[in-house]
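Enquirer: In our numbering, the protein residues as written are 1368 to 1619. Sending over a structure as C-alpha cells; questions will come in a sec.
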Amino acid sequence: MNGAGGVLTAVLAGPHTGATAVLALSRDDTPPVTTPREAAREAARRELSKRMYHENDPSLVQRALNAFWDWVDRLFGAASSATPGGTLGLIVIVLAVVAVVAALWWRLGTPHRTRVSSATLFDDRPRSAAEHRAAAEAHAAQGHWNQAVQERMRAVVRSLEERALLDPRPGRTADEAAAEASRSLPAHADRLRAAARDFDDITYGGRSGDPRAYQRLTELDRDLERTRPVLADSAAGTRRKTAHDDRPGAAS
C-alpha cells in the first residue's frame, strides 16, 4: 500500500531456511522486524501464564475429583464390557454381593475382637490386697474405670491368697483364679466368673470399663470378705450324707 497505510505481513521461515519469524510492516523504508522462534514461543508462554487467563480454571480439588471420576468411569466401563449382560449384568452381580454381605452381617452380627485370657493377672511386683484396693479407689476417683476394675479384681484375688483360699501362684489368670476360688466359695461362683470376664474383656478384649462393672467388683470383694469358705472335708461329708439320705429306706 502507499502512503501512511501499511500492510502487516508475517513470513515464517520454512524448515530448511532457519528458525526465524519475520514480521514485516510495509511502511516506506522501515526494515522488517524479525523475532527468533524460541523467543517468540517463550514470550507467548509468559503471556498465557498470566492470572487473567486462568481465572475460570477448575481448582486443584476439582481437577482431582474429575480425574477420580474419570478413572471410576473407565473401570466401570471395562468391568461392564467383561461381564455377561453388560452394564445390567454388572449391576445384578454388585447387588448380589451386597445382599450376601448384608445376610452374613445380620447372621453373624458385628465382628468383635477375640478375648484373650492367657495373660497373667499380676504383671508387676507383689502387692497386698489393701494396696490394690487403694489403687482401685484412686483410679475410680479420677474416672479411670479400666484401671479401677483391673486393680479391684487383683485385690479380690490377692485377698483370697492372703486368706489361704488360693495358693499364691505366679502366672495365674483371672479365669483360673475364679475357677479355683469357686470350689471353696460356691455361693459366689457365678459372680467370680463374671468378674473374671469383665477383667479379661477390659484388659485384653478392647472393652471399656464403667462405674457399674467397678461397683459389681467392689460389692463382690466386700461380700467375699464376710463369707466363710466351704472346706473340702465338710463338702465331701455333706455330699455323702445327701447321697445316704436319698437312698430308698434310709432312716430319717
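The C-beta atom is built at its ideal place from N, Cα and C for all residues, glycine as well. Just so it is clear, the structure is predicted and the values come from calculations on it, not from any experiment.
Below 6 Å CB to CB, which residues in the same chain sit around Arg1521 once its five sequence neighbours on both sides are set aside?
Expert: Cβ neighbours of Arg1521 beyond the five flanking positions: His1499.
Enquirer: Going by alpha carbons, who is nearest to Ala1562 out of Ala1434, Val1516, Leu1527?
Expert: Val1516
Enquirer: Could you tell me which of Gly1510, Gly1538, Tyr1581, Leu1591 sits nearest to Pro1493, measuring between CA atoms?
Expert: Comparing Cα-Cα distances from Pro1493 to each of Gly1510, Gly1538, Tyr1581, Leu1591, the minimum goes to Gly1538.
Enquirer: Here's the rule I'm using: 16 or more other beta-carbon atoms within 10 Å means buried, otherwise exposed. How should Val1523 be labelled?
Expert: buried
Enquirer: Buried or exposed, going by whether 16 or more other CB atoms sit within 10 Å of the CB of Gly1573?
Expert: exposed
Enquirer: Can you give the Cα-Cα distance for Leu1559 and Ser1549, rounded to whole angstroms?
Expert: 7 Å
Enquirer: Less than 8 Å between the C-beta atoms of Thr1594 and Ala1546, yes or no?
Expert: no
Enquirer: Buried or exposed: where does Gly1576 fall if 16 or more other Cβ atoms within 10 Å of its Cβ makes it buried?
Expert: buried
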